[in-house]
Every structure is written in structure tokens, then in C-alpha cells.
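Undergrad: Numbering (my numbering), first residue to last: -14 to 349.
#1: Could you give the first and the last residue of the continuous alpha helix (DSSP H) run that contains residue 151?
#2: Tell whether a beta-carbon distance below 8 Å holds between residue 133 and residue 226.
#3: Within 10 Å of its beta-carbon, does residue 342 have 16 or more other beta-carbons around it, so buried, or fewer, so exposed?
#4: Within its chain, find whatever has a CB closer than 6 Å to the CB of residue 332; leave out the 5 residues flanking it on each side and keep chain order.
#5: Please classify residue 33: does DSSP put it in a helix, a strand, or coil?
#6: Hey, residue 94 and residue 48 are a contact pair by Cβ (cut 8 Å); roughly how many whole angstroms apart?
#7: Run through DSSP, which three-state label would residue 162 get?
#8: What three-state label does DSSP hand residue 89 in the structure shown?
#9: Which residue spans inside the stretch 214 to 243 form an unbroken alpha helix (DSSP H) run of at least 4?
#10: For residue 274, which of helix, strand or coil comes out of DSSP?
#11: For residue 47, does the three-state DSSP call read helix, strand or coil?
#12: For residue 233 versus residue 184, is the C-beta distance shorter than 8 Å?
#13: Buried or exposed for residue 40, please, with buried defined as at least 16 other CB atoms from any protein chain shown within 10 angstroms of its CB.
#14: Would you grab the beta carbon distance between residue 33 and residue 117 for me? Rounded to a whole angstrom, and I think it's under 8 Å.
#15: Output the distance between the C-alpha atoms of residue 347 and residue 339, rounded to the nearest integer angstrom.
#16: Quick check on residue 207: buried or exposed, where buried means 16 or more other Cβ atoms within 10 Å of its Cβ?
#17: What is the rounded straight-line gap between the Cα of residue 180 and the Cα of residue 213?
#18: Quick one: any contact between the stretch 64 to 73 and the stretch 95 to 112, if contact means 3 or more CB pairs under 8 Å?
#19: Do residue 50 and residue 145 come within 8 Å of each other at the CB atom, strictly closer than that value?
#20: Report buried or exposed for residue 300, applying the criterion of at least 16 other Cβ atoms within 10 angstroms of its Cβ.
Laid out in C-alpha cells, this is it:
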């Protein structure tokens, strides 16, 4: 059974007069049904709705009735809810709940639910939208872009006002939707995936000890991290794939008891594994423009290793690949991570880059 709830003004974002869109405690007597859903990001289809773990996942539907119901079974995530492009509310771990929203003005309306939090060891379910089935469904966007990375791509603690954060504060202040990936994608009206995991490396996670059972090449194949079923998304053919991962691999000195024993061996393994990973991404996306990115002033193993990967791929004949260095980041967010201001600078960098290379969208 679902619990239908009323959200008070206290949970609504501070918004101007357009916020006549509101949460209500009653719905029209007209029959309602599940609406077609457009899904962004990697999810696992369930009998009712979708399960997810990757950050930045989102769900969209169109409706022409005065009301729409949002069905959740998720006590682990935070969400943005938007009507059209207007933010309506932030939901914090809604649980097993039905939320009813009234939309003012003439339809059709678009409702969007965005996962903003990172959940590495918990899943949740969005079980769909219900309304009077009258409007045409939301359609996939012609442009698609994918971002692969670590905490920098996640938006880890990016809305925090201070650097020292508890685990709960990291959760509350992480907003993947304000990360550079979604901001860039929305500028180009592109669908996007944020396939990123904080603390993860290509071959070595943070300090050589974090998340011992996970590495990016393994998780990249999955929709749910502990479900080895390979992800299948027949409608996902990104024109652009941006990869930035390696800061955790070289985050600390290699200890003698680690498999690599020294920095040179670690770098060699990183380059070999990263090169193979990009080749696998290329095999899935033969026409995509691939960008290998690193921040400035990072470890030589990370920057130099990424240079080596780029050189190896170019030497192997890949002509649709580039290497970029990101603008300077700040360390204002949680645990010295970039803030939303830094995310905005990186997004601006990518926006200018893709505007200067319009061919990457393949005419779409």
C-alpha cells in the first residue's frame, strides 16, 4: 500500500510567484493510469518502476490533467522535482509514498524527477507517474552525452558551505544535478548519463583501501552495483563520452604490501587498464567523440598516465578522441572537493569546447 502525503510549504524551494504549482491532498475523480516514462541514466527495470544507484538518474513524463502522482519506494535518496523547467521541491528520502502535485495553467505539462544524491551501497525505486492519460509521452532527446568519472563527476559535497563534513552532511550537500555534467548536457538539451562513483579508480581506489570489491571497469558494466547482470540500453548511443578518472588511483603513495609495490608499476597498470577501458567504450559507441579529461595540478601519474592513454589510442588509429585539461578547481566543498561554482566553470569550459566543435553532435 502507498501512503499519500501532503508536503507543506516548508519543503518547497524558495521560489517566485510562478510556484502556484503545488502539492495537494486530493486528486481529480477522473480515472488515472501510469504514464509513459522517459528515463535518463542507468536503471534496472522492475515489475513496477525502476531501481537505480548511479547518480544523476532522472525520470520525465507529460500530462494534461490538473494533477499528477509521483510514486516512490526510496528511503535512501534525495530528489529534485520540476514542472517544466521550474524547480518545485526537494524530496529527502521520501520512503514508500505517493505524492500528488497540482499543476496550474494550461497543459500539457512536463514533470521531472531528478536523483541528486549518491548512494553507493543502497538502492531505491521510482515507481512511476500516474495521471489522466491524455498528453503525448516524453520523447528521448536527439543529443546524448555520457560522463564517466569519480567524485568530481558526481558533484560530491558540492553545495556545502564548509569543507569539514560528516557522512550525513556529504549526503545532504551532494547535488549531482548541479555537477558539470548535467549543467553541460542541459545547455545543449541533451539526455545524459553520470556514470561516476566517489572514491573509485581505474585500478586503485582512494588510498588503495576504499571500496575493495569495486573498480570502474567492473561497475561500468552494471546498472546496479552488486548485480552482475550486464546493462543493456538499446536506445543509448551517445554522440559524446567524457571520461575523467585517475585521481583516486594516485591519491596516496603505493604501500609495499599493495600489488603494484611502486608508483611505476601502478602507472603502467593504470595506462594498460584505462586504454582497454576506452577501447571497450569505443566498441560500444563507434561514432562517439571521446574526451579524456584531467584537472590541473594533479598527480603526475594521473596527468601523465592519461597522456599516455591518449597517445596509445591515437597511435592505434582512433581519430575521434581528444585530451583536455580542466580549468582550475576550488576546494570549498566537502573534504576539499569542488563547489558548485567550480562545477559551473567546468561546465562553461565544456560548453565552449562543444560549441567550438559542433561536429561532435553528428548533425543532431
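Ideal Cβ placement from N, Cα and C applies to all residues, glycine included.
TA: Reading it off the structure:
#1: As a working mapping, residue 151 is identified with position 166 in the chain shown. Residue 151 -> no alpha helix (DSSP H), and no H or E assigned at all.
#2: Here residue 133 corresponds to residue number 148 of the chain shown, with the count starting at 1. Here residue 226 corresponds to residue number 241 of the chain shown, with the count starting at 1. Their beta carbons are under 8 Å apart, which means residue 133 touches residue 226 by this criterion.
#3: For the purposes of this step, residue 342 is identified with residue 357 of the chain shown, where counting begins at 1. With fewer than 16 Cβ atoms within 10 Å of its Cβ, residue 342 is classed as exposed.
#4: Counted from its first residue, the chain shown places residue 332 at position 347. 165, 168, 169, listed in sequence order.
#5: The residue given as residue 33 occupies position 48 in the chain shown. Three-state result, residue 33: coil.
#6: Locating residue 94 in the chain shown gives position 109, counting from the first residue. Locating residue 48 in the chain shown gives position 63, counting from the first residue. Between residue 48 and residue 94 the Cβ distance is about 6 Å, and since that is below 8 Å, they are a contact.
#7: Indexing the chain shown from 1 puts residue 162 at position 177. Here residue 162 sits in helix by DSSP.
#8: Within the chain shown, numbered from 1, the residue matching residue 89 stands at position 104. Coil at residue 89, not helix or strand.
#9: Secondary structure remark: continuous alpha helix (DSSP H) runs of at least 4 residues inside the stretch 214 to 243: none found.
#10: Within the chain shown, numbered from 1, the residue matching residue 274 stands at position 289. In this structure, residue 274 counts as strand in the three-state DSSP scheme.
#11: By 1-based counting over the chain shown, the position of residue 47 is 62. Note: residue 47 maps to strand in three-state DSSP.
#12: Translated into the one-based positions of the chain shown, residue 233 becomes position 248. Translated into the one-based positions of the chain shown, residue 184 becomes position 199. Yes.
#13: Locating residue 40 in the chain shown gives position 55, where the first residue counts as 1. Per the 10 Å Cβ criterion, buried.
#14: Looking up residue 33 in the chain shown gives position 48. Looking up residue 117 in the chain shown gives position 132. Incorrect: roughly 20 Å between the Cβ atoms, too far for contact.
#15: By 1-based counting over the chain shown, the position of residue 347 is 362. By 1-based counting over the chain shown, the position of residue 339 is 354. Using only the alpha carbons, I get a separation of about 12 Å.
#16: Within the chain shown, numbered from 1, the residue matching residue 207 stands at position 222. Result: buried.
#17: As a first step, residue 180 is located in the chain shown; it is residue number 195 there, counting from the start. As a first step, residue 213 is located in the chain shown; it is residue number 228 there, counting from the start. The alpha-carbon atoms of residue 180 and residue 213 are separated by roughly 16 Å.
#18: Taking 8 Å as the limit for Cβ pairs, the verdict is that the stretch 95 to 112 does touch the stretch 64 to 73.
#19: Start at 1 with the first residue of the chain shown, and residue 145 comes out as number 160. Start at 1 with the first residue of the chain shown, and residue 50 comes out as number 65. The answer is no: Cβ separation not under 8 Å.
#20: The count along the chain shown starts at 1 and reaches residue 300 at position 315. Per the 10 Å Cβ criterion, exposed.
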